[in-house]
Amino acid sequence: MRSNGHPLMKAAAWGGLLFMHFPIAVIAMYAFNTEASSFSFPLQGFTLEWFAKAFAREDVRAAVWLSVEVAAQATALAMLLGTLASAALYRTAFFGKEVITLLFILPIALPGIVTGIALLSAFKLAGLESGMLTIVTGHATFCIVVVYNNVIARFRRTSASLLEASMDLGADGFQTFRHVVLPNIATALLAGGMLAFALSFDEIIVTTFTAGSERTLPIWLLNQLSKPRDTPITNVVALMVMLATMLPILGAYYLTRDTDSVAGAGK
Numbered sequence: 001m002r003s004n005g006h007p008l009m010k011a012a013a014w015g016g017l018l019f020m021h022f023p024i025a026v027i028a029m030y031a032f033n034t035e036a037s038s039f040s041f042p043l044q045g046f047t048l049e050w051f052a053k054a055f056a057r058e059d060v061r062a063a064v065w066l067s068v069e070v071a072a073q074a075t076a077l078a079m080l081l082g083t084l085a086s087a088a089l090y091r092t093a094f095f096g097k098e099v100i101t102l103l104f105i106l107p108i109a110l111p112g113i114v115t116g117i118a119l120l121s122a123f124k125l126a127g128l129e130s131g132m133l134t135i136v137t138g139h140a141t142f143c144i145v146v147v148y149n150n151v152i153a154r155f156r157r158t159s160a161s162l163l164e165a166s167m168d169l170g171a172d173g174f175q176t177f178r179h180v181v182l183p184n185i186a187t188a189l190l191a192g193g194m195l196a197f198a199l200s201f202d203e204i205i206v207t208t209f210t211a212g213s214e215r216t217l218p219i220w221l222l223n224q225l226s227k228p229r230d231t232p233i234t235n236v237v238a239l240m241v242m243l244a245t246m247l248p249i250l251g252a253y254y255l256t257r258d259t260d261s262v263a264g265a266g267k
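Residue numbers for the sequence shown, in the UniProt record's numbering: 1 to 267.
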């Protein structure tokens with residue numbers, strides 16, 4: 001049974017939501033403001049001029065494309081490794097399993113600056129120059145976590161009898177994976193990939209240590225803080241980043257919201 005809740009609790013909940021989302025609303029509001037010089041209030045007017053100017057700038061387009069490319073590659077790598085890791089660990093019991101599980105989860109629990117310094121030291125030790133490869137590798141370390149958590153949770157709700165029945169009926173390992181396992185974990189895998197893409201797209205701390213001379217969109221935004229004349233364009237790009245990260249998160253939520261009590265629950 002659901003309770004309506006105390007009015008004070010409702011007010012506190014709405015107050016917390018307002019506190020968290022008010023800065024986002026301010027950025028969105030000033031992205032359409034006709035005034036370019038400062039954050040003046042009330043707004044001087046409504047315009048789409050800054051969107052056109054933002055998309056016309058080569059540095060913005062290059063930063064957007066680099067962020068999309070990095071996020072796509074990091075997500076693909078995380079989906080592959082996270083799925084393999086979850087498949088290997090969900091049913092097998094062995095000494096040290098909890099330690100290995102902790103190692104998979106640790107990158108997203110550690111402060112970003114610790115992860116960034118550790119990755120930078122490892123890359124220097126390996127003789128790798130900072131660039132596209134190091135950014136993708138760095139992002140994949142924490143993107144694996146969300147894929148692993150989503151997929152292993154679905155594996156735990158998948159009946160082992162389905163796999164046994166498939167093998168008893170003559171299917172080999174690949175056929176069982178393709179026709180039984182993959183349909184059951186599909187939504188969890190897709191949701192994990194969408195969350196991984198969102199995490200990678202707006203990551204800045206780890207990227208700062210691994211990017212070298214490359215400039216992803218979050219790094220471009222950070223550099224823009226010292227350029228007050230570009231404030232309207234910066235607001236537009238910040239709004240783009242928020243939308244690019246919000247939509248995959250909402251998509252992942254809708255993909256998995258009705259599958260918590262269904263074994264497998266593939267769609």
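A virtual CB, placed ideally from N, CA and C, is assigned to each residue, including glycine.
Quantities reported herein were computed from a predicted structural model and do not represent experimental measurements.
Within the same chain, show all residues whose beta-carbon is closer than 6 Å to that of L195, passing over the 5 residues directly before and after it, in chain order.
Counting from one through the sequence shown, the residue named residue 195 turns up at place 195. Contacts found: V146, A252.
Confirm, please, whether the CB-CB distance from T208 to S130 is below 8 Å.
Stepping through the sequence shown from its first residue, residue 130 is reached at position 130. Stepping through the sequence shown from its first residue, residue 208 is reached at position 208. Result no, Cβ atoms of S130 and T208 do not sit closer than 8 Å.
Does DSSP classify F46 as helix, strand or coil?
For the purposes of this step, residue 46 is taken as the residue at position 46 of the sequence shown. Reduced to three states, the DSSP call for F46 is strand.
What does DSSP give as the partner residue(s) for N33 in the beta ladder?
In the sequence shown, the residue the question calls residue 33 occupies position 33. According to DSSP, which records beta bridges pairwise, N33 is partnered with F46.
Tell me whether D172 sits in a helix, a strand or coil according to DSSP, three-state version.
Residue mapping note: residue 172 aligns to position 172 of the sequence shown, counting from 1. Coil at D172, not helix or strand.
Which term fits G45, buried or exposed, when burial requires 16 or more other beta carbons within 10 angstroms of its beta carbon?
Start at 1 with the first residue of the sequence shown, and residue 45 comes out as number 45. Answer is exposed; the Cβ neighbour count stays below 16.
Straight-line CA distance for residue 268 to L8?
For residue 268 there is no data in the structure shown, the boundaries of the chain being 1 and 267.
Report yes if the CB atom of A72 is closer than 8 Å to the CB atom of R215, and no otherwise.
Here residue 72 refers to the residue found at position 72 when the sequence shown is read from its first residue. Here residue 215 refers to the residue found at position 215 when the sequence shown is read from its first residue. No, these two residues do not count as a Cβ contact at 8 Å.
Is it true that the region 176–192 meets the region 79–88, where meeting means three or more beta-carbon pairs spaced less than 8 Å apart?
The answer is yes - the region 79–88 touches the region 176–192, with three or more Cβ pairs under 8 Å.
Does the count of Cβ pairs from the region 50–63 and the region 230–239 closer than 8 Å reach three?
Verdict: yes, contact present.
Quick check on the burial criterion: 16 or more other C-beta atoms within 10 angstroms. Buried or exposed for E203?
Taking the sequence shown and counting its residues from 1, one reaches residue 203 at position 203. It is buried - the Cβ of E203 has at least 16 other Cβ atoms within 10 Å.
Within its chain, find whatever has a CB closer than 6 Å to the CB of W220; leave out the 5 residues flanking it on each side and keep chain order.
Numbered from its first residue, the sequence shown carries residue 220 at position 220. Excluding sequence neighbours, W220 sits near A63.
Quick check on the burial criterion: 16 or more other C-beta atoms within 10 angstroms. Buried or exposed for P23?
Along the sequence shown, one-based indexing puts residue 23 at 23. By the neighbour-count rule (16 or more Cβ atoms within 10 Å), P23 is not buried but exposed.
Determine the closest residue to Y90 out of R156, V136, S226, H21, with distance taken between C-alpha atoms.
Indexing the sequence shown from 1 puts residue 90 at position 90. Ranking the options by Cα distance to Y90, first place goes to R156.
Helix, strand or coil, according to DSSP, for Y254 in the structure here?
Taking the sequence shown and counting its residues from 1, the one referred to as residue 254 is at position 254. Of the three classes helix, strand and coil, the one that applies to Y254 here is helix, per DSSP.
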